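Worksheet: the structure to be examined is printed underneath.
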Amino acid sequence: MGERFVVVPVDRGVGVAAEGVHWDAVVADPAPDTISSSSSGGIVEEKEAGDDSVFEPQDPNAVAVPILEYNREPNKYGDGVPKENSPFINNTDIDKGNSYDGTNMALFEEEMESNPMVSSLLNKLANYTNLTQGAQEHEEADDDEGPKKKAVKSPQMGTFMGVYLPCLQNILGVILFLRLTWIVGTAGILESLASVVLCCSCTMLTAISMSAIATNGVVPAGGSYYMISRSLGPEFGGAVGLCFYLGTTFAGSMYILGTIEILLTYIVPQAAIFVAEKKEDEVNALLNNMRVYGTCCLALMSLVVFVGVKYVNKLALVFLACVILSILSIYAGVIKTIFEPPDFPVCMLGNRTLQNTNFDSCLKTDFVNNMTVTTKLWGLFCDGRDLNATCNEYFVNNNVTLVQGIPGLKSGVISENMWSTYGPLGMLVENKELSSLEATDNSQDVYLPYVFNDISTFFTLLVGIYFPSVTGIMAGSNRSGDLRDAQKSIPIGTILAIATTSFIYVTCVVLFGASIEGVLLRDKFGDSVKRNLVIGTLSWPSPWVIVIGSFFSCCGAGLQSLTGAPRLLQAIARDGIVPFLQVFGHGKANGEPTWALVLTAGICEIGILIASLDAVAPILSMFFLMCYLFVNLACALQTLLRTPNWRPRFQYYHWALSFLGMSLCLALMFICSWYYAIVAMAIASCIYKYIEYRGAEKEWGDGIRGLSLNAARYALIRLEEAPPHTKNWRPQVLVLLNVDSDQGVKHPRLLSLTTQLKAGKGLTIVGNVLEGTYLTKDTESKKAELNIKSAMSAERTKGFCHVVVSSNLRDGVSHLIQSAGLGGMKHNTILMAWPGTWRQSNDPQSWKNFIETVRESTATQHALLVAKNVDSFPTNQDRLGEGTIDVWWVVHDGGLLMLLPFLLRQHKVWRKCKMRIFTVAQMDDNSIQMKKDLQMFLYHLRLDAEVEVVEMHDNDISAFTYEKTLVMEQRSQMLKQMQLSRTEREREAQLIHDRNTASHATINDKAEGGLDRVHMTWTKEKLFTERNRNRECNSNVVVRDLFNMKPNQSNVRRMHTAVKLNEMVVNKSQGAHLVLLNMPGPPSNRGGDENYMEFLEVLLEGLNRVLLVRGGGREVITIYS
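Under our numbering, the first residue of the sequence shown is numbered 21, with each subsequent residue one higher.
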């Protein structure tokens, strides 16, 4: 297969091609017996392989064919380079310049423009590299190089460095160091374990779902947002993506508040700007300090992120080392308590815990120089330092005792810390095991140095505060571009990180409860141990290990949040699904999201102004829980729908686990804070509806679309089981729309009428037929479809467009009527415009097609609506004033005449119109009784309408009717004569000539003679002379016959009905906004089709807006509920 044919140019002297025409010839492998060569005209020639001759043109003026010579140049593998637009293939200018010149695939050469060769595709895919995400590409950008590009390094991170450690760093953080001991002391070991298990189960189930999604293909920049939006669609993706962004932003607030709390409470408390003069003002002073220092810290961190993101990434391992060292020091401290518990005594007055920041010794009095003197503690509870000073009643009644704050693992304190101790704001931290004598007046307790609850505590609040400590599981998936094998590393690393942190949290809960005294656990800020961090009192070798470690941990987590949140917002903005966010997609020259960072800092400042870590934590819990909920929903949805593209490499998932995780997330949202949950869901719903209403249309192959397809399939199968009940009948309309020569819509008001009739409900199919073949009319077909869809959008018609290309219009309309729709969702009503110019048309096929459509609608049992003067119908913007919709009920064919005005009046265009019903009574009918019966019938139908019975008297047929019928038949006869074909005219002229010259001959002889004469070989002059003479003779006979015609009695009766009924309708309803009228059926004999059109024309004469209605052969309205 190495041989190739090459083109050898021939002498183009005589047979030269037109200037500008280039010859290309590619032929297949010469192994077959024949070689096919196609000319520009599409004619295929064959010649034997062994024949050396070349097909040469017989005509000397013909274009020369290039000669093919045999060349044994070796063929290259994959030498065809396609022009491919794919997200996986980046075309270079060199690629675009190449053209296909292969021989092995000559059969497919015309498809190479759109379909690449497999070899080329595989080559490009092999070179595909998913660029690293986050901030790495920004820190590597060098502005000095200008447009010069650096070589992209392939990602080398493994599971441990790329997923496990980042997840560990993001999960372990501020709550562990600042709040876990307080949660254990308040909720007790059992309920704390329940909280930990509940939250960790939620994140583990979410990680399983996330692993399935993340291993179902490449996850580009955007991480969790990308996963959700591509699985659930742009609306859900945008809503949840923005919620996740808000959660990440408020997480930054929480970490900054944690940093400031550690700084001002445990490291440099003297740096506080606001100092409380009274004890009751301490809380407000702390909050104000948090606001001031938090704002400064936020500004500094934002500046660091703006100026040097690379430093944040390089310090990430330092911050992670601080976290790990802090946790190791906790475990080391717990082990040390077995042998030598640290000395952190807690001073108790009775059973109440005291703040020991303002006194040194836990004594009321002391012996100094053999004298009893009062201590600083005495001065705090008495009005003086004298022994006879007036003291607080509770202080007098109870003794002070020292309790070891860290009794150690062997102390058995675990049994005391097993149960919860919830309480309201201001409740004293007490040890119920100690004896106490209560005072009669406790009103002054708030001003005394006791340890109080600073907030009301209950289980659900603690769950909301604790939950942020298990977030951060998305850190691995967000870095999928940095991983050597993302589909292997993400599941293993994330699940191992969650398992590790869950083990740490569970063991910490048990060890804290088993090692630390309950009153110290409930002391949130360590006031009873000289403002030491409570978890720090347990650590080894020094409390400062935890204090410094947690400080840097919170700093690093805050910087990471301020780095990640703007990039998440930038990814959402660049997707273009939320129009007003597009400005945040721009940034610095190296892609740094400057505007997104500004917005993030602004939102983060809101959390800073809240100033309380306990109040901010439930807010970000809501947003993270909503994000996790939709990750689980995406996995469950894809699994249940069994989408063909759903093939995750991670196999250990199940839809039931995802559904359980989703339910757990929803439950936790309302457990943490039901009002925050409602607000978060309202925000997500508003974003969803906004994207649905204003956002860009995106097709991402999302699961919601798959769910819609499955639901539609299920509903269609159910609908197919049985025809709809009369109560469920509604007009499912097929609109037969015409387009002009430029494929513009001719009668857009038909679409307006459809919208008004449907009020946005039910099925609407807008059909159009183009004459020709699809291969020649495909461009016009697509253009017509585009124009119709544009008109539907302008007229607010919700439905489908169906353009059919057929060899003739009649067959195309028939195909539409028969095949439009699917299953039970098929049309039951046909809407079309009245052919107003049928009389002026030279082609009778237009009105014949109309009548055949009427017949076909009857045969297929479809209701038919024909709108006359449709261009005068109101638009959707019009508002008709006081007026009427008049129904002329001549025959009952299913009740559609009653239903249509009711449906129209649901639309705001026709809302002010009243409904009037006219029915026709014959001479032998009791018109009074008919009116009563009709009123009762309308009452049972729950329709409000005026009723009028019009009597049609048996008048004699007027001369006017006779004349109108005669004119109609004469016109019909003349048209028939004019429309005879050329051969028929010649044959008829010859027959008339034979009848005049040989009247004695039989009819068969005349026919044979006529045929002989038709086929005689005449001269041209004789033929024209004879033809003109025959035409004149024939014309005279026809005119004489027309004047001698008498009208057909059946036609006279029909014309009489049309004239009389038209007189009554015009008399009663000429001023109506709309007239609905029974449409009479076409004659069974097709010879009277044109007369039928005349009857309808007479019936509608003098009326502006008319809707002819023909029922589909079934009842569509019922009096029963």
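All residues carry an ideal CB built from backbone N, CA and C; glycine is no exception. Note that this is a predicted model, so its numbers are computed, not measured.
Bridge partners of residue 1130 according to DSSP: 884. Between residue 228 and residue 677, the C-beta gap is smaller than 7 angstroms, which places the two residues in contact. Boundaries around residue 835 are those of the alpha helix (DSSP H), 829 to 839, since no beta strand (DSSP E) includes it.
Residues of the same chain with a CB within less than 6 angstroms of the CB of residue 958, apart from the 5 flanking positions on each side, are 965 in chain order. By the neighbour-count criterion, in which a residue is buried when 16 or more other Cβ atoms sit within 10 angstroms of its Cβ, residue 1090 is exposed. Given a length threshold of 4 residues, each whole run of the alpha helix (DSSP H) inside the stretch 753 to 815 is given here in chain order: 769 to 778 and 794 to 814. Assigned with DSSP and collapsed to three states, residue 365 falls in strand. Looking at 450, 852, 621 and 494, the one whose alpha-carbon comes closest to that of residue 766 is 852. When 378, 514 and 626 are compared, the shortest CA-CA separation from residue 230 is found for 514.
Buried is the label assigned to residue 847, since at least 16 other Cβ atoms lie within 10 Å of its Cβ.
The three-state secondary structure of residue 435, taken from DSSP, is helix.
Counting along the chain, residue 392 sits inside the beta strand (DSSP E) bounded by residues 391 to 394. DSSP, reduced to helix, strand and coil, places residue 1114 within a helical segment of the structure shown.
With a minimum length of 4 residues, the unbroken runs of alpha helix (DSSP H) contained wholly in the stretch 474 to 544 fall at 479 to 486, 495 to 498, 506 to 535 and 538 to 541. Annotated three-state conformation of residue 849 is strand, per DSSP. Annotation: residue 1106 to residue 917 spans about 27 angstroms, alpha carbon to alpha carbon.
In the three-state DSSP reduction, residue 354 falls in the helix class (H, G or I).
Residue 712 carries a helical assignment under DSSP once its states are collapsed to helix, strand and coil. Taking all protein chains shown into account, residue 455 has fewer than 16 neighbouring C-beta atoms within 10 Å of its C-beta and is therefore exposed. For residue 424, there is no enclosing alpha helix (DSSP H); the residue is found in the beta strand (DSSP E) stretching over 420 to 424. Pairing residue 829 with residue 791 gives a Cβ-Cβ distance under 7 angstroms. DSSP places residue 871 inside the alpha helix (DSSP H), whose first and last residues are 865 to 879. Per the coordinates, the alpha-carbon of residue 606 lies some 13 angstroms from the alpha-carbon of residue 588. A distance below 6 angstroms between beta-carbons, with the five flanking residues on each side excluded, links residue 571 to the following residues of its chain, in chain order: 282.
For residue 933, the enclosing beta strand (DSSP E) starts and ends at 933 to 941. By the neighbour-count criterion, in which a residue is buried when 16 or more other Cβ atoms sit within 10 angstroms of its Cβ, residue 499 is buried. By the C-beta density criterion, residue 359 is exposed, having fewer than 16 other C-beta atoms within 10 angstroms. For residue 947, the CB contacts under 8 angstroms within the same chain, skipping 5 residues up- and downstream, are 941, 969 and 971 in chain order. Of the candidates 255, 203, 428 and 550, the residue whose Cα lies closest to the Cα of residue 710 is 255. Per the DSSP secondary-structure output, residue 177 pairs in a beta bridge with 503. Per DSSP, reduced to three states, the secondary structure at residue 454 is coil, with no helix or strand assignment. The straight-line gap separating the alpha-carbon atoms of residue 702 and residue 487 is approximately 21 angstroms. When secondary structure is reduced to three states using DSSP, residue 821 falls in the strand class.
Cβ contact annotation for residue 326 (same chain, cutoff 8 angstroms, sequence separation greater than five): 612, 614 and 617, in chain order. Taking the Cα of residue 569 as reference, the smallest distance to any Cα among 874, 262, 345 and 893 is reached at 345. Beta-bridge annotation (DSSP): residue 595 is not paired with any residue.
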